[in-house]
């Protein structure tokens, strides 16, 4: 799909879309998307916007669960957000050459 898209964009001169990996998605067939550059931000911009932190609403649910000794249910999207952040933080600790090594790009 990517190669065909690259050929099309080269022929027409239209801007290439960016391949995005979605942290927290378990099904690798769904973990990637092609997005126009206008819908993509840098990691640093995401950090400025607070996207590297668990949102306050979710954090409050997690903390009240700990205090009450029972789990408050997170919605599927909230659970995904937490899993994505945990996966991203884990991978950020690795050397760049080791990141996404499981993808077997060779």
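In my numbering, the protein residues as written are 26 to 131. Cβ coordinates follow ideal geometry from the N, Cα and C atoms, glycine included.
Annotation: the continuous alpha helix (DSSP H) that includes residue 110 extends over 101-117.
The beta carbon of residue 57 sits closer than 8 Å to those of 44, 45, 46 and 47, all from its chain and outside the five residues before and after it, given in chain order.
Close CB contacts of residue 55 within its chain, under the 7 Å cut and outside five residues either way in sequence, are absent. By the beta-carbon neighbour count (other beta carbons within 10 angstroms, threshold 16), residue 83 is buried.
Residue 61 and residue 103 have their C-alpha atoms roughly 25 Å apart. Sorting 77, 101 and 95 by C-alpha distance to the C-alpha of residue 111 places 77 at the top. No Cβ-Cβ contact shorter than 9 Å links residue 114 with residue 80. When the beta-carbon positions are compared, residue 97 and residue 87 come within less than 9 Å of each other. 9 Å or more divides the Cβ of residue 38 from the Cβ of residue 108.
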